[in-house]
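> I'd like to ask some things about the structure below.
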Amino acid sequence: MIKKTEASFITNGNLKKKMSLLFSLIPEKRSLVMFALAVLFSVLLVGCPAAKDKTKTTPPVDKENTSEKQLDENNGESSGSEKPVKATKELVMAEIWNTVEKAKSSCDLNLQKAEEFRKKILNVGEKRTEENTLKPLNMLFVHLDRMLPMAELISNTHPKKSVRKAAEECEQRAKKYASELKLDREVYDAIKAVEEKGLDAYAARFRTHILRDYRRAGVDKDEKTRKKLSEIQQKMVKLGQDFARNIREDKKSIQVTKKELAGLPDDFIKARTKDKETKITITTEYPDFFPVQAYAKDHKLRQRLYKLYLQRAYPVNEKVLKQILELRHEYATTLGFSDWADYNAEDKMVKNKKVISDFIDKVSGLAKPRMNADLKDILTRKKKDYRRARSVQSWDRFYYVKKIQAERYGVKPDEVRAYFPFKSVKEGLMKISQELFGVRFKRVEDAEVWHPKVETYDIYEGDKMIARFYLDLHPREGKYGHAAEFPILSGVNNIQVPTAALVTNFPDPDKSEHALTEHNQVTTFFHEFGHLMHQLLSGRKDWVTQSGINCEWDFVEVPSQLFEEWAWDQKVLARFAKHYETGDPIPEGLVEKMRKADEFGKGIHVMRQMFYAGLSLNYHNKDPKNMDLMKEMLAVGKRYNPYPHIKETATFASFGHLSGYSSMYYTYMWSLVISKDLFKKFQEAGLMNKEVATAYKNTIIEPGGAVDAAKMVENFLGRPYSFAAFQKWLQKN
Ligand SMILES: [Zn+2]
Numbered sequence: 003m004i005k006k007t008e009a010s011f012i013t014n015g016n017l018k019k020k021m022s023l024l025f026s027l028i029p030e031k032r033s034l035v036m037f038a039l040a041v042l043f044s045v046l047l048v049g050c051p052a053a054k055d056k057t058k059t060t061p062p063v064d065k066e067n068t069s070e071k072q073l074d075e076n077n078g079e080s081s082g083s084e085k086p087v088k089a090t091k092e093l094v095m096a097e098i099w100n101t102v103e104k105a106k107s108s109c110d111l112n113l114q115k116a117e118e119f120r121k122k123i124l125n126v127g128e129k130r131t132e133e134n135t136l137k138p139l140n141m142l143f144v145h146l147d148r149m150l151p152m153a154e155l156i157s158n159t160h161p162k163k164s165v166r167k168a169a170e171e172c173e174q175r176a177k178k179y180a181s182e183l184k185l186d187r188e189v190y191d192a193i194k195a196v197e198e199k200g201l202d203a204y205a206a207r208f209r210t211h212i213l214r215d216y217r218r219a220g221v222d223k224d225e226k227t228r229k230k231l232s233e234i235q236q237k238m239v240k241l242g243q244d245f246a247r248n249i250r251e252d253k254k255s256i257q258v259t260k261k262e263l264a265g266l267p268d269d270f271i272k273a274r275t276k277d278k279e280t281k282i283t284i285t286t287e288y289p290d291f292f293p294v295q296a297y298a299k300d301h302k303l304r305q306r307l308y309k310l311y312l313q314r315a316y317p318v319n320e321k322v323l324k325q326i327l328e329l330r331h332e333y334a335t336t337l338g339f340s341d342w343a344d345y346n347a348e349d350k351m352v353k354n355k356k357v358i359s360d361f362i363d364k365v366s367g368l369a370k371p372r373m374n375a376d377l378k379d380i381l382t383r384k385k386k387d388y389r390r391a392r393s394v395q396s397w398d399r400f401y402y403v404k405k406i407q408a409e410r411y412g413v414k415p416d417e418v419r420a421y422f423p424f425k426s427v428k429e430g431l432m433k434i435s436q437e438l439f440g441v442r443f444k445r446v447e448d449a450e451v452w453h454p455k456v457e458t459y460d461i462y463e464g465d466k467m468i469a470r471f472y473l474d475l476h477p478r479e480g481k482y483g484h485a486a487e488f489p490i491l492s493g494v495n496n497i498q499v500p501t502a503a504l505v506t507n508f509p510d511p512d513k514s515e516h517a518l519t520e521h522n523q524v525t526t527f528f529h530e531f532g533h534l535m536h537q538l539l540s541g542r543k544d545w546v547t548q549s550g551i552n553c554e555w556d557f558v559e560v561p562s563q564l565f566e567e568w569a570w571d572q573k574v575l576a577r578f579a580k581h582y583e584t585g586d587p588i589p590e591g592l593v594e595k596m597r598k599a600d601e602f603g604k605g606i607h608v609m610r611q612m613f614y615a616g617l618s619l620n621y622h623n624k625d626p627k628n629m630d631l632m633k634e635m636l637a638v639g640k641r642y643n644p645y646p647h648i649k650e651t652a653t654f655a656s657f658g659h660l661s662g663y664s665s666m667y668y669t670y671m672w673s674l675v676i677s678k679d680l681f682k683k684f685q686e687a688g689l690m691n692k693e694v695a696t697a698y699k700n701t702i703i704e705p706g707g708a709v710d711a712a713k714m715v716e717n718f719l720g721r722p723y724s725f726a727a728f729q730k731w732l733q734k735n
């Protein structure tokens, strides 16, 4: 997963799209964060999102203590049968950690509360019930939810280093607590002792999923085995950090002349030119790497940099990865699974590794002819520059895909950008979201935020405030460098208001007059907003683990990838994409050209994704003891990778997803298949069709983690999902 990088290169930074070309769908951004959270919680519970701080009520300040106490007691105790608390006003709202003290006190309080609820669970002397066991457990998770996500947000965005550090410290403490909890046999036995009979469907689901996650952590094993699992776990965490750090810290660079940079935008060159020096330093960091790959005419330069890029963390990470794979295998087999891939698939839509490998085979089977056609086109074009060219190489891919898109379809980035002044994009997106989901956003001027530029909005349904979100949209020093949705508080009925933030790095209207935005940034904005709506509109649940984006991990990218489609629709775009000088809406012909250009390169893109997915699976679906990582990679590459291997490089060493996603890289494409299927219904009825949108909200968005993903899809489509729409998309010219 990609961590921070600085800034947008070139004025309007294509950075993200480029990244997404490379690793592809990696919207990494957001989902990374979620990921981290999910991993962390799943350790502990059902993989819940999370959130933040401690709490309080918004309005009267002095109410804080009372209301928290009241809430906890009403919910956690078996005593009161009456419904907790009263109205919205009493609900806990997120409180931003703006000082070191605040971060610390919030962390202390929530850990203490969590521990109180744990004790409460253990101290039940009578027959175990939903009231005396499951509800306190829910509250225990609520308190973790008030720390972990807030810590994640603040450590990534707060302008003060000391506060970021305090947030990180809290994160470590909370994670430690969580990982001990997941091996807490007494708590597990207590939950198990609650009879399923008599529970409603949601309470039963809560119980079943928690038990599953506990079992997946090995809580039901004997003491010695649990100790072993815990040790493996700790080693895996440490090695995972090493793996990521080795990639992050291995910044390589080359010296080039201005002449070699021909093709790159002037501002790119100027920003890197130092007085008196004739040579310019170009690094393997994204803001250098992607522009060079996309624009440098000199293929030798692209080649040099690409090779260097694929040498990052090599050979050091070979050993680290090997150890990680061995530990994962040991962990999974100790728990009774045949390997890590099967273990990891159990709580996803796919359920087992066979489904993943069938999926990869099916997608790559469909994409291969398309890939071959793409490669042929690229080679033909490359021969115009180099008569003797015989093959298409990795370092050709960004450059020639872009070239062909421009030459064949006449799409000029400047022309497109003129229709996307940032303010109109933002307003347009917000209006469309309100209309589609039947809600109203209201700006809150006086809310506490972590930086003066952050905006706060409340979401209303009718007169009722149902959620809150923050927009932190523009780059600044020390801030998270990608685009991500950060959960802050998971909504829980009568307890706390669903809250989340979007953290992005789009052009800033305060810095340049119109802040013209690249179209791929517009689609990113829609993508992240799709996550945001999913997170917030699914926030009315009794059980915290069913709130927000707590569906199966391989379903998470469905609402976000689906919402990107709105940014490609002429009628939708015409609402807000207006020329910054003339005010004319974007012409139909231009959108058509953009769409056609976007079709080119789909085959190589999908196959490249399958290469990553295949690598991620094949490192985890067998005993790695005698595995040669390089040989395995070359074998997978032969089947899927559109480009020849580059000697003396090792993709696996810098493939960061191997640490966070392990065997699950397939999830992006899996979600895309489903989102293409869902989209058909909108296509037929019109993207802004109220009836379809309402059905979508009710069946896909609102359920959050309360319903199995496959069931949600069936509820919306009236049938199980199918491959047909994806196949049609893939084969369309
Ligand atoms: Zn995403």
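FYI, in this note's numbering the residues of the sequence shown are 3 to 735. Backbone N, C-alpha and C fix where the C-beta goes; we use that ideal spot for every residue, glycine too. Predicted model only: the values in this text are computed from it and were never measured.
#1: Roughly how many whole angstroms lie between the Cα atoms of residue 526 and residue 130?
#2: Closer than 7 angstroms to a non-hydrogen atom of ligand 1 - does that hold for the CB of residue 664?
#3: Count the other C-beta atoms from every protein chain shown that fall within 10 angstroms of the C-beta of residue 469, then say buried if there are 16 or more, exposed otherwise.
#4: What is the residue span of the alpha helix (DSSP H) that residue 712 lies within?
#5: So is the beta-carbon of residue 659 under 7 angstroms away from any non-hydrogen atom of ligand 1?
#6: Who does residue 506 pair with in a DSSP beta bridge?
#7: Taking buried to mean at least 16 other C-beta atoms within 10 Å of its own C-beta, is residue 428 buried or exposed?
#8: Cβ-heavy atom distance between residue 301 and ligand 1 below 7 angstroms?
#9: Where in the stretch 217-267 do unbroken runs of the beta strand (DSSP E), each at least 3 residues long, occur, reported from the N-terminal end onward?
#10: Output the boundary residues of the alpha helix (DSSP H) element that contains residue 467.
#11: At a cut of 8 angstroms, does the stretch 264-277 reach the stretch 289-296 through at least three beta carbon pairs?
#12: Can you grab the Cα-Cα spacing for the pair residue 135 / residue 117, in whole Å?
#13: What's the call for residue 498, buried or exposed, on a 16-neighbour Cβ count within 10 Å?
#14: For the stretch 102-121 against the stretch 166-184, do three or more pairs of beta-carbon atoms, one drawn from each stretch, fall closer than 8 angstroms, so that the two count as touching?
#15: Just to check, is the beta-carbon of residue 529 closer than 7 angstroms to a non-hydrogen atom of ligand 1?
#16: Rounded to whole angstroms, what is the Cα-Cα separation between residue 106 and residue 171?
#17: Tell me whether the beta-carbon of residue 670 lies closer than 8 angstroms to the beta-carbon of residue 559.
#18: Rounded to a whole number of angstroms, what is the C-alpha to C-alpha distance between residue 365 and residue 162?
#19: What residues in its chain sit with their C-beta under 7 angstroms from that of residue 262, if we drop five residues either side in the sequence?
#20: Are the beta-carbon atoms belonging to residue 557 and residue 673 less than 8 angstroms from one another?
#21: Using a Cβ-based criterion (distance less than 7 angstroms to any ligand heavy atom), does residue 559 qualify as near ligand 1?
#22: Which residues in the same chain as residue 613 place their Cβ atom closer than 7 angstroms to its Cβ, once the five residues preceding and following it in sequence are excluded?
#23: Please state whether DSSP places residue 421 in a helix, a strand or coil.
#24: Does ligand 1 have even one heavy atom less than 7 angstroms from the beta-carbon of residue 492?
#25: Using 7 angstroms as the cut-off, classify the Cβ of residue 562 as near or not near the heavy atoms of ligand 1, replying yes or no.
#26: With DSSP collapsed to three states, give me the class of residue 580.
#27: Output the boundary residues of the beta strand (DSSP E) element that contains residue 446.
#28: When burial is assigned at 16 or more other CB atoms within 10 Å of the CB, is residue 255 buried or exposed?
#29: Would the C-beta of residue 662 count as close to ligand 3, meaning under 7 angstroms from any of its heavy atoms?
#30: In terms of residue numbering, what span does the beta strand (DSSP E) encompassing residue 460 cover?
#31: Is residue 312 helix, strand or coil by DSSP?
#32: Taking 7 angstroms as the cut-off, is the CB of residue 533 close to at least one heavy atom of ligand 1?
#33: State the DSSP-derived secondary structure class of residue 725, mapped to helix, strand or coil.
#34: Return the CA-CA distance between residue 436 and residue 258, expressed in angstroms with no decimal places.
#35: Under the DSSP definition of a beta bridge, which residues are partnered with residue 498?
#36: For residue 310, which residues from the same chain have a beta carbon less than 6 angstroms from its beta carbon, with the 5 sequence-adjacent residues on both sides left out?
On the basis of the supplied data:
#1: 48 angstroms
#2: no
#3: buried
#4: 711-719
#5: no
#6: Beta-bridge pairing links residue 506 to no other residue.
#7: The residue is buried, with at least 16 neighbouring Cβ atoms inside 10 Å.
#8: no
#9: 255-258
#10: Not the alpha helix (DSSP H): residue 467 falls in the beta strand (DSSP E), residues 466-474.
#11: yes
#12: 14 angstroms
#13: buried
#14: yes
#15: yes
#16: 9 angstroms
#17: yes
#18: Roughly 46 angstroms separates the two Cα atoms.
#19: 300, 303
#20: yes
#21: yes
#22: 638, 639, 642, 643
#23: Note: residue 421 maps to coil in three-state DSSP.
#24: no
#25: yes
#26: strand
#27: Taken as a continuous stretch (DSSP letters only), the beta strand (DSSP E) holding residue 446 covers 442-446.
#28: exposed
#29: The model depicted lacks ligand 3 and carries ligand 1 instead.
#30: For residue 460, the enclosing beta strand (DSSP E) has its first and last residue at 457-463.
#31: coil
#32: Indeed, a heavy atom of ligand 1 lies less than 7 angstroms from the Cβ.
#33: coil
#34: 50 angstroms
#35: 94, 494
#36: Counting only Cβ-Cβ distances below 6 angstroms, and skipping sequence neighbours, we find 254, 286.
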